[in-house]
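Protein chains: 2
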Amino acid sequence: MQAENGKEMSTAMVKIKDVANEAGVSIASVSRVLTGNRQVSAGTRTAVLAAAAKLGYRTNYLASALRSQSTQTVGMVIPRIANPYFIALVQIVEESAQAQGFELFLCDSADDTETERRRVRALLSRQVDGIVIIPCDETASAAVVREVLEEVPVVAVDREIRGVPMDQIAIDNQAGILAVMDHLRHTERRRLGFIGARQTTSTARERLEAYRQHAAEPGFDRSSAARVLLGDFTVEWGEAAVDDLLANGPLPDGIVCGNDLIAAGVIRRLRSRGIVVPRDIAVTGFDDIELCRFVEPAITTVHQPLREIGAEGARKLFARIAGEGGFPTRTRIIPELVLRASSR
Amino acid sequence: MQAENGKEMSTAMVKIKDVANEAGVSIASVSRVLTGNRQVSAGTRTAVLAAAAKLGYRTNYLASALRSQSTQTVGMVIPRIANPYFIALVQIVEESAQAQGFELFLCDSADDTETERRRVRALLSRQVDGIVIIPCDETASAAVVREVLEEVPVVAVDREIRGVPMDQIAIDNQAGILAVMDHLRHTERRRLGFIGARQTTSTARERLEAYRQHAAEPGFDRSSAARVLLGDFTVEWGEAAVDDLLANGPLPDGIVCGNDLIAAGVIRRLRSRGIVVPRDIAVTGFDDIELCRFVEPAITTVHQPLREIGAEGARKLFARIAGEGGFPTRTRIIPELVLRASSR
DNA sequence: TTGAAAGCGCTAACAT
DNA sequence: ATGTTAGCGCTTTCAA
């Protein structure tokens, strides 16, 4: 006892040998009972279980994993842990992992390629059995992912990686933007603008490309296709972009935003400038995050089927881990438009 | 090559022996260079580093940790990964961990004592060097934490655990509620009500206790102290609680909410019932999450100094891990009121 | 400063 | 069905 320095006496770690002694069997029998991969007699099982419970034994993960060459762990690397959108995806993957008896090791790449590389290497160093990645850069992330693929299966989720033959699952961004713009056309919006993010991710790129393509179609004013502002996927950029628009000529009557955060910023700034949404100008988002229903007016947006995306990503990963072969696949889920007050 | 089934040939894992061969030294020397705990000649160092880089060697974490009895990993158990408030705290702790050269293993207890116990055991099984916990139940979590304390240091953050002598850090909830109620008193609100959460956490309990105490003071209508509704810390409960209030007699002119999510729900439902906030009724929140500034009207709330709480929690943990003794401490940070439109 | 060898705690192969 | 033992890949004595 070392009561005087406030430290409790540490219980010596219980090892498999202690359980074996207590149960009166060999350590191999203990291992067999606990891992369950082998036949054991009922008597041995009972004795081992009782001894383990009595001593409070917990298998040493490090030793077990080192020996069995299996960590039963998968890693997930996301660009920003503070982004609720990514966290929602994490939750689905975590559920699937748990259901398969795997643990999930979550890492934040801080939307930085170098950090992403370090995180991925740390995961490989921990001998994870597979990795789910939301890459932070459409092209720069390719190199590190290619490296990983030499060792364990990887699935890219939500964002695409170019030029790497691998399993991928994401939403169909083009279809989403098309739905938004069809809606704006039918509600007589003619002069559109697009406020999105710089083209470092497939998400940003595909949404912009779809906008440009459809804005040039009949039904929209000719100025629309060129009215494009690119920053990042944040509320702050949405606000700044509105100032930009206001300073440069007459406002459009519809703004297509690259995601909901931008849309929230756009709406807040427009309101503070006395411009009425949706009467003067319609605003749309993308992703359908919770915030949409709290903003006034509530944001019309494209719903991300996160559950499907996450579940399918996990399914692909665990299939590879289980040794299933076949060519890598790229899946796109077609999203639905959610009409709310900001565009009516 | 097995090109026909789409599988790349797996690179054999590079081991320390391979590096030793390549560099023409013993494996011990490689280890010494890579861990940096020992003296090595410049020549050996260069040769080892070059060989390691050439072969793309990464230390096997499992083997290294098993042998050295140090994982350089801490665990963090939070009640809900989907709650941005907890995630903000995680980020701060993660920063501190990285700065100390530790990895953080994040776990979700799903606000359930049994899951919490399983998660904690999994962490111990992985030989983490310490644990930061946001306990899901003020009393029930005590048992599992007491267990853990036998093996590694634990720090409770944000919520208190009763009856366990351990390091703790949280906000001073009583002071926060007092600030809210002083403000309401000065703005002539007389008939108050409290919408909070059931008393399973110190957070919920302390905020209610403070409300009850101050509501009975002069300046408030006598009905105030008894006008209390308890559910959980969600938007949905805030909405339901308003229906409850409306069905039972005249409305108060001020509602103190247990947190911001409840306040957001309260405001949304009041508005949909045609009741004007803050003219007819003032509403306040607690925590100062991002949402507060998006709700219309923006929510008056108590700001949580998350950075300070997280950093101090991490500091305490790493001090214990480093072997610092001394009695456990309980720290409370006094928060500030943030005045916004919902109470003016 | 370096190499040889022991051993971290466990699982799996090999006995019986 | 069970026990004995090798060895997972590394770090750390112990010798030299």
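These protein sequences, in sequence, are chains A and B.
The letter at position 45 of the first sequence is residue 45 when you use my numbering, and the numbering goes up by one with no holes.
The letter at position 287 of the second sequence is residue 1287 when you use my numbering, and the numbering goes up by one with no holes.
Glycine residues also receive a C-beta, built at the ideal position from the N, C-alpha and C atoms.
The structure presented is a predicted model; accordingly, all values stated were derived computationally and were not measured.
Kindly list, in the order they appear in chain B, the residues whose Cβ is closer than 8 Å to that of residue i.
{"i": "A:F286", "result": "Ordered by position in chain B, no residue passes the 8 Å Cβ test against A:F286, which lies about 17 Å from the chain."}
With DSSP as the reference, identify every bridge partner of residue i, one or two as the case may be.
{"i": "B:R1332", "result": "B:A1170"}
{"i": "B:E1103", "result": "B:T1073"}
{"i": "A:A282", "result": "A:G254"}
{"i": "B:A1156", "result": "B:I1133, B:Q1168"}
{"i": "B:D1108", "result": "B:I1078"}
{"i": "B:L1230", "result": "B:G1196"}
{"i": "B:L979", "result": "Because chain B here runs from 1001 to 1344, residue 979 of chain B falls outside it and cannot be looked at."}
If you check the beta carbons only, do residue i and residue j fall under 7 Å apart?
{"i": "A:T338", "j": "A:T301", "result": "In the sequence as presented, Thr is not what sits at residue 338 of chain A; that position holds Val. In contact: A:V338 and A:T301 (Cβ atoms closer than 7 Å)."}
{"i": "A:A156", "j": "A:T113", "result": "no"}
{"i": "A:F105", "j": "A:G75", "result": "yes"}
{"i": "A:G310", "j": "A:L89", "result": "yes"}
{"i": "B:G1274", "j": "B:E1239", "result": "no"}
{"i": "A:Q199", "j": "A:R207", "result": "no"}
{"i": "A:R126", "j": "A:V77", "result": "no"}
{"i": "B:A1225", "j": "B:A1216", "result": "yes"}
{"i": "B:R1191", "j": "B:D1280", "result": "no"}
{"i": "A:R159", "j": "A:S202", "result": "yes"}
{"i": "B:V1235", "j": "B:R1269", "result": "no"}
{"i": "B:E1365", "j": "B:A1042", "result": "Because residue 1365 of chain B is not part of the residues shown, which for chain B are 1001 to 1344, the question remains open."}
{"i": "A:V33", "j": "A:V48", "result": "yes"}
{"i": "B:A1063", "j": "A:L66", "result": "yes"}
{"i": "B:I1262", "j": "B:V1277", "result": "no"}
{"i": "B:I1333", "j": "B:E1296", "result": "no"}
{"i": "A:I195", "j": "A:L229", "result": "yes"}
{"i": "A:V128", "j": "A:V93", "result": "no"}
{"i": "B:D1167", "j": "B:P1328", "result": "yes"}
{"i": "B:A1142", "j": "B:V1164", "result": "yes"}
{"i": "B:Q1174", "j": "B:A1197", "result": "no"}
{"i": "A:T44", "j": "A:V25", "result": "yes"}
Hey, residue i and residue j are a contact pair by Cβ (cut 8 Å); roughly how many whole angstroms apart?
{"i": "A:G258", "j": "A:F233", "result": "6 Å"}
{"i": "B:I1169", "j": "B:G1313", "result": "5 Å"}
{"i": "A:I321", "j": "A:P153", "result": "6 Å"}
{"i": "A:F86", "j": "A:G176", "result": "At roughly 18 Å, the Cβ-Cβ gap does not stay under 8 Å, so A:F86 and A:G176 are not in contact."}
{"i": "A:Q91", "j": "B:I1081", "result": "6 Å"}
{"i": "A:A298", "j": "A:R340", "result": "4 Å"}
{"i": "B:I1289", "j": "B:P1084", "result": "6 Å"}
{"i": "A:Q69", "j": "A:G101", "result": "At roughly 16 Å, the Cβ-Cβ gap does not stay under 8 Å, so A:Q69 and A:G101 are not in contact."}
{"i": "A:E103", "j": "A:S109", "result": "Not a contact, Cβ separation roughly 20 Å."}
Quick one: which chain A residues come within Cβ less than 8 Å of residue i?
{"i": "B:I1059", "result": "The amino acid at residue 1059 of chain B is misidentified as Ile; the sequence shows Thr. Near B:T1059 (Cβ distances below 8 Å), the residues of chain A are S125."}
{"i": "B:A1082", "result": "P84, I87, A88, Q91"}
{"i": "B:E1188", "result": "Those within 8 Å of B:E1188 in chain A number zero; the least Cβ separation is about 27 Å."}
{"i": "B:F1105", "result": "F105"}
Could you name the residues of chain B that residue i contacts, counting a contact when the two beta carbons are closer than 9 Å?
{"i": "A:F318", "result": "In chain order: nothing, as chain B lies at least about 16 Å away."}
{"i": "A:A314", "result": "Per Cβ cutoff of 9 Å: no residues; A:A314 is ~16 Å from chain B at best."}
{"i": "A:A353", "result": "A question about residue 353 of chain A goes unanswered here, because the residues of chain A that appear run from 1 up to 344."}
Could you tell me which chain B residues have their CB closer than 7 Å to the CB of residue i, listed as they occur along the chain?
{"i": "A:V295", "result": "F1294"}
So residue i contacts chain A; which residues on that side make the cut at Cβ distance below 9 Å?
{"i": "B:L1291", "result": "E290, L291, F294"}
Residue i touches chain A at which residues, Cβ-Cβ below 7 Å?
{"i": "B:A1063", "result": "L66"}
{"i": "B:R1121", "result": "R58"}
Mind listing, in chain order, the continuous beta strand (DSSP E) runs of no fewer than 3 residues lying wholly within the region 24-58 of chain A? Here no run is fully enclosed.
Which runs of the beta strand (DSSP E) at least 3 residues long sit entirely within the region 264-320 of chain A? Give them in chain order. Complete beta strand (DSSP E) runs here, min 3: 282-284, 301-303.
Quick check on the DSSP output: what are the complete alpha helix (DSSP H) runs of length 4 or more inside the region 1160-1224 of chain B, in order along the chain? The region 1160-1224 of chain B contains these whole alpha helix (DSSP H) runs: 1173-1186, 1202-1215.
My parser needs the alpha helix (DSSP H) runs of 4 or more residues fully inside the region 120-152 of chain A; what are they? Scanning the region 120-152 of chain A for uninterrupted alpha helix (DSSP H) segments of 4 residues or longer gives 141-149, listed from N- to C-terminal end.
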